[in-house]
Amino acid sequence: MGIIFIYGLSVGVYKIFPYEALDSSLDIIIEEKSIEDNQFIIQADLDSLIKIDDELDIIQKRNDLIEFFWNGGWNLEYQKMYLQDSVTLSGLHSLQYSKELPEVQHDIPDYNNFQNLKRIDKLTVEMEYEVNSISYLFIPEQSNQKLILYHHGHDEDFLFGKNTIQFFLDKNFTVLAMTMPLVGMNNQPIVEIDGLGEMKLISHNQFGLLKEKNFNPMKFFVHPIQINLNFLEKEHGFKRYSIIGLSGGGWTAVVYSAIDDRISDSFSVAGSIPFYLRVSERDIGDYEQTNIDLYEITNYLELYVLSAYGDDRKHTQIFNKNDPCCYPGNGYESYEFFIKDKLLQLGKGNFQIFIDDTHTEHKISNTALEYIAKNIG
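Residues in the sequence shown are numbered from 61 upward in steps of one, following the numbering used here.
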C-alpha cells in the first residue's frame with residue numbers, strides 16, 4: 061500500500077511518467093468536449109450565418125468580394141488600361157475581360173524530369189509594391205483539354221508537390237502550379253512605408269501595413285489566379301478548369317472559386333473551417349484567414365456555398381483525419397448537411413466532404429488524389 065501511495069504522489073505532485081501521457085489525454089478530452097459544446101450551441105443558428113437565399117444574393121456576394129479584393133483597382137484609369145473598349149465594368153465580367161496578362165517564358169529548361177511532359181511555360185504576374193507571383197504551366201504530351209490549377213499554399217516551393225503534378229500529368233491534364241505570395245519562387249521585395257521606413261516583406265502578417273485607400277493587399281492572394289486564367293482561356297481554351305489547394309492553397313481554392321464561376325471543380329485540402337470550430341490555437345490561421353474585413357462581407361459558410369453554386373459546379377473539402385497541422389477531427393459534421401441543403405434550396409451546385417484517414421501527415425495523399433480524379437467532371 062505504501063508503494064502505491066508513493067507512486068501516486070510522484071505522479072500527481074512531481075509529474076513523472078505517466079503524467080505527460082495522462083495530461084495529453086486530458087487535453088484531447090477537453091478539446092473534443094469544446095468542439096461538442098460549440099457544435100451544440102451553434103448548430104441551431106447556422107441559418108442566420110448564411111445570408112444567401114437566391115441567385116441575386118449570390119451575385120451580390122460575388123460583386124462585394126470583387127470590390128473588396130480589387131478595392132479601387134478597377135478605377136477609371138485602370139479600366140482604360142486593362143479592359144476591352146467594348147466592355148463596361150460589371151463585377152465578375154470585368155475580371156474575366158481584363159486585358160492584363162502575365163509575362164510568359166515558353167519552354168523553360170527547369171524540372172524536365174517529369175513524365176508525359178511536352179514543355180513547361182513560366183508565367184509571372186507583377187503587382188503593387190513589386191510583389192510578384194510565379195507559376196509554372198506543365199503541358200502534357202497528350203492533353204485532355206482540362207486544366208488543374210494546383211496551389212501549394214505556404215509550404216515552400218510548389219515543386220514539393222511534384223507527386224500531385226505528376227499524378228495529373230499522367231492523366232493528361234495540363235497543370236498550372238503556384239504558391240502563396242512571398243513563398244517559394246515568389247519574391248520578397250523591400251518596400252518603403254510612410255512613417256515606418258523600409259522593410260522586407262517576409263510574412264503575410266505584414267500585408268496589413270500596405271493597405272491604402274485605393275489598394276487592398278488581400279489582392280495579392282487572388283489577382284495572379286485571375287490574370288493567369290484570362291491568359292489560359294485566351295491562349296489555350298481549355299474545356300474545364302479545376303483548382304486543387306493544400307493548406308493555404310486550400311484556403312485560396314475556396315476563396316477564388318467563390319468569386320469566379322469559370323472554376324468548375326474546387327478541392328480544398330486542409331484549407332479552412334468556420335470560425336466557430338476554431339477551438340485550437342493552431343487552427344486560428346494568419347492574416348488572410350482572419351481578416352475581419354473579408355469575413356464581414358462573406359463568412360466561411362457563405363464562401364462554401366459560393367464555391368459550390370452554379371451549373372455543373374462542385375466544391376469539395378478534404379480533411380486529413382489525423383492532420384498534425386490543420387483542421388483534423390470531425391468538426392465538419394456540424395455544417396456538412398446544412399450546406400448541402402442550402403444548395404438544394406438554391407437549385408444549383410454540389411458540396412462534398414471527404415475524410416482521409418489513411419495517413420498522419422499534412423499533405424495530399426494518393427488516396428485523396430484518386431478521389432479527386434474520380435470526381436472531376
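We put the beta carbon where it would ideally sit given N, CA and C, even for glycine.
With distances taken between CB atoms, is the gap from residue i to residue j smaller than 8 Å?
{"i": "Phe327", "j": "Thr376", "result": "yes"}
{"i": "Tyr301", "j": "Ala237", "result": "no"}
{"i": "Met278", "j": "Glu348", "result": "yes"}
{"i": "Asn232", "j": "Asn192", "result": "no"}
{"i": "Leu361", "j": "Ile399", "result": "yes"}
{"i": "Leu269", "j": "Leu256", "result": "yes"}
{"i": "Phe379", "j": "Ala330", "result": "yes"}
{"i": "Ile230", "j": "Gln165", "result": "The displayed chain sequence assigns Asp, not Ile, to residue 230. It is not a contact, given that the beta carbons lie outside the stated cut-off."}
{"i": "Ala428", "j": "Asp417", "result": "no"}
What three-state label does DSSP hand residue i in the structure shown?
{"i": "Tyr431", "result": "helix"}
{"i": "Ile208", "result": "strand"}
{"i": "Asn192", "result": "strand"}
{"i": "Tyr392", "result": "helix"}
{"i": "His375", "result": "strand"}
{"i": "Leu406", "result": "helix"}
{"i": "Ala368", "result": "helix"}
{"i": "Ala104", "result": "Because Ala104 sits at a pLDDT of 45, beneath the cut-off of 50, its placement in the model cannot be relied upon, and the point is left open."}
{"i": "Leu292", "result": "helix"}
{"i": "Gly221", "result": "helix"}
{"i": "Phe411", "result": "strand"}
{"i": "Ile344", "result": "coil"}
{"i": "Gln120", "result": "helix"}
{"i": "Leu306", "result": "strand"}
{"i": "Val164", "result": "strand"}
Can you find the residues in the same chain that come closer than 8 Å, C-beta to C-beta, to residue i, ignoring five residues on each side of it along the sequence?
{"i": "Asp117", "result": "Lys111"}
{"i": "Arg342", "result": "Cys385, Cys386"}
{"i": "Glu344", "result": "In the sequence as displayed, the identity of residue 344 is Ile instead of Glu. If we look at Ile344 and ignore the five residues flanking it on each side, its Cβ neighbours are Arg338, Thr350."}
{"i": "Gly199", "result": "Reading off the sequence shown, one finds Ile at residue 199, where the question assumed Gly. Excluding residues within five positions, the ones whose Cβ falls inside 8 Å are Leu177, Lys178, Arg179, Ile180, Asp181, Thr234."}
{"i": "Lys299", "result": "Gln205, Lys206"}
Excluding five sequence neighbours on each side, which residues of the same chain lie with their C-beta closer than 7 Å to the C-beta of residue i?
{"i": "Ser317", "result": "Ile303, Ile323, Ser326, Ser367, His375"}
{"i": "Ile432", "result": "Ile304, Phe327"}
{"i": "Asp346", "result": "His264, Asn265"}
{"i": "Ala313", "result": "His211, Ile303, Ile304, Gly305, Ser326, Phe327, Ser328, Gly331"}
Identify the residues that DSSP records as bridge partners of residue i: which are they?
{"i": "Gln266", "result": "The partner list for Gln266 (beta bridge, DSSP) is empty, contrary to what the question assumes."}
{"i": "Ala237", "result": "Tyr196, Tyr210"}
Give me, in chain order, the residues of the same chain whose beta-carbon lies closer than 6 Å to that of residue i; leave out the 5 immediate sequence neighbours on both sides.
{"i": "Gln99", "result": "Summary for Gln99: the model assigns pLDDT 47, below 50, so the residue's position carries little reliability, and this model does not support an answer."}
{"i": "Ile168", "result": "Ile180, Lys182"}
{"i": "Thr239", "result": "His212, Phe218"}
{"i": "Gly309", "result": "His211, His212, Gly213"}
{"i": "His419", "result": "Ser425"}
Starting from the Cα of residue i, find the closest Cα among the options and give me that residue.
{"i": "Val243", "options": "Lys273, Phe233, His211, Val235", "result": "His211"}
{"i": "Gly213", "options": "Ser340, Val282, Ser108", "result": "Val282"}
{"i": "Thr224", "options": "Lys423, Ser108, Ile436", "result": "Lys423"}
Let me check you understand the geometry: is the CB of residue i closer than 7 Å to at least one non-hydrogen atom of the ligand NAD?
{"i": "Phe397", "result": "Here there are no bound small molecules, and the ligand NAD is not part of this structure."}
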